[in-house]
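Residue numbers (this note's numbering): 6 to 492. We put the CB at the ideal spot given by N, CA and C, even for glycine.
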RNA sequence: GGCUCGUUGGUCAAGCGGUUAAGACGCCGCCCUCUCACGGCGGAAACAGCGGUUCGAUUCCGCUACGGGCUACCA
């Protein structure tokens with residue numbers, strides 16, 4: 006049988022990385038076997054609905070490369086794919102009534118106040134277990150209230166005895182006492198189904214074979230199974246994934262900062278990096294590879310290898326991975342991506358395509374995010390104020406006095422040079438250094454400090470000479486010499 | 001509180017009865033080197049605890065501890 010999975014988000018905002026990973030696993034479970042991946046919008050909570058969020062879902066999915074085979078935007082055989090539209094056709098109501106007829110569900114007219122009075126405060130948490138109060142209503146009483154338009158919901162009727170077992174592909178069999186099963190609401194008083202109900206009905210109607218979701222749903226799964234059984238429907242394969250947590254080991258939330266796919270891409274993380282990274286949070290391939298494209302993932306994804314324990318979202322490693330992708334990137338693509346950032350940092354180079362490209366190539370192996378660039382190359386635009394202590398370097402055997410001497414000594418030579426291209430420069434200067442009996446570092450270190458005013462730069466002294474050009478370079482070196490002389 | 005799930009270095013994560021307990025990020029050191037980065041080499045760093053089962057447990061079972069999740073007319 007062809008595998009069918011679904012990603013069923015609620016349109017409430019940006020795509021959380023936990024949801025992204027769930028979507029990814031759903032996609033991979035299906036695609037690894039050549040199955041279908043569908044998108045269903047679960048907008049049964051009008052309170053939480055956020056305008057534009059559906060478009061955001063389409064965009065995120067597209068950026069992540071998770072293209073769906075069926076969905077609201079592209080249609081399909083089992084539509085509509087938006088639950089609010091399905092409500093209009095009355096399917097949830099119809100199925101709920103079927104359950105009522107089978108005594109697997111019942112109408113409940115309890116008021117908010119009564120429900121409130123049922124709540125118990127345990128450990129500072131409000132806990133409510135419905136007491137089946139309305140189950141005792143007679144058929145006549147129910148019809149009367151219904152006719153009178155008394156607000157009501159439909160609740161699942163769970164037994165108080167016995168056990169319910171369900172099977173999860175990762176966790177195995179999980180058994181729960183039926184007494185633990187609350188009579189959850191199937192149809193809300195506004196006529197909309199709850200997630201708990203719509204989810205089961207739609208998964209069945211849409212032919213979903215593998216239900217992949219976060220393991221926060223494990224505890225409600227027995228109730229879903231009772232629903233499937235009550236209808237006589239085939240129970241899907243369950244794959245509950247471990248949660249992704251923050252550094253505090255708490256479920257990743259909006260509070261923990263950059264927790265959505267869009268937040269991350271806004272920061273400069275490549276979509277394919279986020280996908281790659283998130284795939285490895287809770288799953289690993291058989292071999293040791295870590296850099297995996299989406300198609301690599303499709304090829305080697307085996308859901309049996311999904312782990313059971315939660316994973317901490319390690320921002321540090323995400324950065325590393327982004328750096329890996331950048332290093333492996335085609336230089337042209339990197340340039341296209343970084344050019345704006347570079348021009349912003351060194352506006353003086355605007356228009357000098359050649360130098361901009363040189364800067365890009367220097368920086369490509371050194372950044373993890375393009376936003377790291379400005380800080381790295383700002384000195385090219387303007388020499389920062391610096392402390393002459395920078396001239397001291399133990400390994401290079403330089404100090405302020407030696408540097409003052411070297412700078413003064415090499416200045417006329419640099420003035421005499423015409424070709425300020427790196428290779429020529431490096432050859433000539435090396436020659437000069439040898440002739441004067443110095444070591445490379447002894448001369449190049451102070452030179453680089455004078456040119457950049459920084460202890461570390463993304464390139465060597467001669468490359469800075471080339472980028473700055475003769476005039477600016479000489480002026481900086483003179484300035485350095487003066488600075489040292491004044492000490 | 002109840003139910004339920006989990007627990008290998010700081011983090012991700014191999015391992016599925018016998019291993020010197022992989023690898024990656026991060027950290028440290030060395031090499032390369034016109035600084036840094038890249039690259040190369042090396043290092044520190046883990047089976048939560050206690051009982052079983054077994055000739056033998058990181059691996060199987062139980063208990064404890066710790067952590068997570070659920071306990072809504074949210075999904």
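Same chain only: Cβ atoms within 8 Å of residue 301, ignoring 5 sequence neighbours per side: Numbered from 1 along the first chain, position 296 holds the residue referred to as residue 301. The answer, listed in chain order, is 294.
Distance, Cα to Cα, residue 220 vs residue 401? As a working note, residue 220 is residue 215 in the first chain. As a working note, residue 401 is residue 396 in the first chain. The alpha-carbon atoms of residue 220 and residue 401 are separated by roughly 58 Å.
How is the beta strand (DSSP E) around residue 110 delimited, first residue to last? Here the question's residue 110 lines up with position 105 in the first chain. Start and end: 110-113.
Would you kindly check if the distance between the Cβ of residue 250 and the Cβ of residue 318 is under 8 Å? The sequence position of residue 318 within the first chain is 313, counting from 1. The sequence position of residue 250 within the first chain is 245, counting from 1. The answer is yes: Cβ separation under 8 Å.
Residue 247, DSSP secondary structure in three states: Counting from 1 along the first chain, the entry for residue 247 is found at position 242. Coil, per DSSP.
In whole angstroms, give me the CA-to-CA distance for residue 128 and residue 134. Working through the first chain from its first residue, we reach residue 128 at position 123. Working through the first chain from its first residue, we reach residue 134 at position 129. Cα to Cα, the separation comes out at about 16 Å.
For residue 349, three-class secondary structure by DSSP: Within the first chain, residue 349 is the residue found at index 344, counting from 1. Helix at residue 349.
Assuming residue 425 is part of the beta strand (DSSP E), what are its boundary residues? Residue mapping note: residue 425 aligns to position 420 of the first chain, counting from 1. That residue, residue 425, is in no beta strand (DSSP E); it is neither H nor E in DSSP.
Kindly indicate which residue of 391, 345, 303 and 359 has the alpha-carbon position closest to the one of residue 39. Counting from one through the first chain, the residue named residue 39 turns up at place 34. The residue with the shortest Cα to Cα distance from residue 39 is 303.
One question on the structure: do residue 191 and residue 169 come within less than 8 Å of each other, judged by their Cβ atoms? Locating residue 191 in the first chain gives position 186, counting from the first residue. Locating residue 169 in the first chain gives position 164, counting from the first residue. Against a cut-off of 8 Å, the Cβ pair of residue 169 and residue 191 comes out as no contact.
Could you work out which residue in 334, 333, 332 and 362 is closest to residue 346 when comparing CA atoms only? On the first chain, residue 346 is found 341 positions in, with the first residue counted as 1. Looking at the Cα atoms, 362 is the closest of the given residues.
Minimum C-alpha distance to residue 326 - residue among 268, 276, 254 and 252: Here the question's residue 326 lines up with position 321 in the first chain. Comparing Cα positions, the closest option is 276.
Extract the residue ranges of the beta strand (DSSP E) inside the stretch 133-179, only unbroken runs of 3 or more that lie entirely within it. 158-161 and 168-173
Looking at the unbroken alpha helix (DSSP H) that takes in residue 383, where does it start and where does it end? Numbered from 1 along the first chain, position 378 holds the residue referred to as residue 383. That run of the alpha helix (DSSP H) goes 378-386.
Hey, could you find the ends of the beta strand (DSSP E) residue 41 is sitting in? Looking up residue 41 in the first chain gives position 36. Unbroken beta strand (DSSP E) run through residue 41: 41-44.
Give me whichever residues DSSP pairs with residue 125 in a beta bridge. The residue given as residue 125 occupies position 120 in the first chain. DSSP lists 132 as the beta-bridge partner residues of residue 125.
C-beta contact flag for residue 22 and residue 289 at 8 Å: Within the first chain, numbered from 1, the residue matching residue 22 stands at position 17. Within the first chain, numbered from 1, the residue matching residue 289 stands at position 284. Their beta carbons are not under 8 Å apart, which means residue 22 does not touch residue 289 by this criterion.
Could you tell me whether the Cβ atoms of residue 176 and residue 254 are closer together than 8 Å? For the purposes of this step, residue 176 is taken as the residue at position 171 of the first chain. For the purposes of this step, residue 254 is taken as the residue at position 249 of the first chain. The answer is no: Cβ separation not under 8 Å.
From the DSSP output, read off the bridge partner residues of residue 316. Residue mapping note: residue 316 aligns to position 311 of the first chain, counting from 1. Answer is 249, bridged to residue 316.
Given that a residue counts as buried once 16 or more other Cβ atoms are within 10 Å of its Cβ, and exposed if not, what is residue 107? Within the first chain, numbered from 1, the residue matching residue 107 stands at position 102. With fewer than 16 other Cβ atoms within 10 Å, it is exposed.
Could you spell out where the alpha helix (DSSP H) holding residue 485 opens and where it closes? The residue labelled residue 485 in the question sits at position 480 within the first chain. 466-490 is the span of the alpha helix (DSSP H), which, as asked, contains residue 485.
Environment of residue 463 [buried if 16+ CB atoms lie within 10 Å]: For the purposes of this step, residue 463 is taken as the residue at position 458 of the first chain. When all chains shown are included, residue 463 counts as buried.
From the DSSP output, in three-state form, read off residue 271 for me. By one-based count along the first chain, residue 271 stands at place 266. Residue 271: helix per DSSP, three-state reduction.
Quick one: measure Cβ to Cβ for residue 68 and residue 16, integer angstroms, because I've assumed they're closer than 8 Å. Locating residue 68 in the first chain gives position 63, counting from the first residue. Locating residue 16 in the first chain gives position 11, counting from the first residue. Between residue 68 and residue 16 a beta carbon distance of about 17 Å is seen, past the 8 Å cut, so the two are scored as non-contacting.
Measure how close the beta-carbons of residue 179 and residue 171 come, nearest whole angstrom, since I'm counting them as under 8 Å. As a position in the first chain, residue 179 is number 174, starting the count at 1. As a position in the first chain, residue 171 is number 166, starting the count at 1. The Cβ separation is near 6 Å, so the contact holds.
Every unbroken alpha helix (DSSP H) inside the stretch 184-253 [4 residues or more]: 200-210 and 226-236
Rounded to whole angstroms, what's the CA-CA distance from residue 218 to residue 383? Just pull it up for me. To locate residue 218, count along the first chain from 1; it is residue 213. To locate residue 383, count along the first chain from 1; it is residue 378. Computed Cα separation, rounded: 46 Å.
Suppose contacts are defined by Cβ-Cβ distances below 8 Å. Is residue 396 in contact with residue 451 by that definition? Position 391 of the first chain holds residue 396. Position 446 of the first chain holds residue 451. Contact flag set, yes.
Tell me the rounded alpha-carbon separation between residue 421 and residue 270. For the purposes of this step, residue 421 is identified with residue 416 of the first chain, where counting begins at 1. For the purposes of this step, residue 270 is identified with residue 265 of the first chain, where counting begins at 1. For residue 421 and residue 270, the distance between alpha carbons rounds to 49 Å.
Nonlocal neighbours in the same chain, by C-beta distance under 8 Å from residue 199, ignoring five residues either side: If you number the first chain from 1, residue 199 lands on position 194. Same-chain partners within the cutoff: 49, 189, 190, 191, 192 and 193.
Opposing strand residues paired with residue 12 [DSSP bridges]: For the purposes of this step, residue 12 is taken as residue 7 along the first chain, with counting starting at 1. Paired residues: 44.
Could you give the DSSP three-state label for residue 403: helix, strand or coil? On the first chain, position 398 is the one that residue 403 refers to. Residue 403 falls in the strand class under three-state DSSP.
DSSP-derived helix/strand/coil call for residue 368: As a working note, residue 368 is residue 363 in the first chain. In the structure shown, residue 368 sits in a helix (DSSP, three-state: H, G or I).
Residue interval of the alpha helix (DSSP H) (run including residue 107): Residue mapping note: residue 107 aligns to position 102 of the first chain, counting from 1. Segment: none, residue 107 is in no alpha helix (DSSP H) and carries neither H nor E.
For the putative contact between residue 210 and residue 83, defined by C-beta atoms under 8 Å, what is the C-beta separation to the nearest angstrom? Here residue 210 refers to the residue found at position 205 when the first chain is read from its first residue. Here residue 83 refers to the residue found at position 78 when the first chain is read from its first residue. Contact holds; Cβ gap of about 6 Å.
Residues of its chain near residue 74, where Cβ-Cβ distance is below 8 Å and the 5 sequence neighbours each way are ignored: The count along the first chain starts at 1 and reaches residue 74 at position 69. 41, 42, 43 and 81.
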